[in-house]
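Residue numbers (the working numbering): 1 to 227.
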């Protein structure tokens, strides 16, 4: 059975092979890691963040690595547009597009799924919510946020889980993780309040703001609703 140490070792090899100029081996390792890390403990976040960043650096030096990354994105897109996709497929597509600087593709794919396969779109919505708000497509948000108070509770719960992780794991108890944890909470809360306010659900927006401020007094959250 693969362990977290196996995942860490494999991840370290990704960068080491590229630095040694072993580009073909590095690409093979990336392709292996991308699939194997789905089952490797603790590697879920690494797989779609740091590992993709390193893959992109390899792609700048070795064009087959770029081709492979784009092919992986395109394969996920094809599956999703057929209505056969799972959350993992959309998460892969979104993360790869972000690495490639092609978030517009993620938005357009979601729109097509939203129109043709709404049941699947519901499970992908959270991944693409930020892009939807950037496009000011608030009517789409309204279709998927069926219980705004519950959604706020989930945001708060995730923040509490991260705080607990810092408490239990000394390696995670550092200034960067603390900052990112707080910023993520504030960002998601402010976005939810913005959506509710724009949809003219003022009472709900104010209720979420009060819950959030009771939990964590924050100037940015306090300023989300203008009198």
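Idealized CB from N, CA, C, for every residue including glycine.
For the candidate residues 33, 217, 100, 144, whose alpha-carbon lies nearest to that of residue 115? 144
Rounded straight-line distance, which links the Cα of residue 17 to that of residue 62: 12 Å
Straight-line Cα distance separating residue 210 from residue 45: 31 Å
By a C-beta neighbour count over all protein chains shown, 10 Å radius and 16 as the cutoff for buried, is residue 47 buried or exposed? buried
Residue 40 versus residue 103: straight-line alpha-carbon distance, rounded: 27 Å
Measuring CB to CB, does residue 52 end up less than 7 Å from residue 10? no
Using the Cα positions of residue 121 and residue 20, report the straight-line distance between them to the nearest angstrom. 42 Å
If distances are taken between C-alpha atoms only, which option among 183, 170, 193 comes closest to residue 149? 193
Quick check: what's the CA-CA separation for residue 137 versus residue 128? 11 Å
Alpha carbon to alpha carbon, how far is residue 217 from residue 27? 46 Å
With respect to the alpha helix (DSSP H) encompassing residue 117, which residues constitute its N-terminal and C-terminal limits? Taken as a continuous stretch (DSSP letters only), residue 117 belongs to no alpha helix (DSSP H), as it is neither H nor E.
To the nearest whole angstrom, what separates the beta carbons of residue 71 and residue 93, a pair I think is in contact under 8 Å? Contact doesn't hold; Cβ gap of about 12 Å is too wide.
By the 10 Å Cβ neighbour count, where 16 or more other Cβ atoms means buried, how is residue 32 classified, buried or exposed? Around the beta-carbon of residue 32, fewer than 16 other beta-carbon atoms lie within 10 Å, marking it exposed.
Would you mind stating whether residue 80 and residue 107 have Cβ atoms separated by less than 7 Å? It is not a contact, given that the beta carbons lie outside the stated cut-off.
Return helix, strand or coil for residue 217, following the three-state DSSP convention. DSSP places residue 217 in the coil class of the three-state scheme, outside both helix and strand.
Whose C-beta lies closer than 7 Å to the C-beta of residue 188 among residues of the same chain, with five residues either side of it excluded? 155
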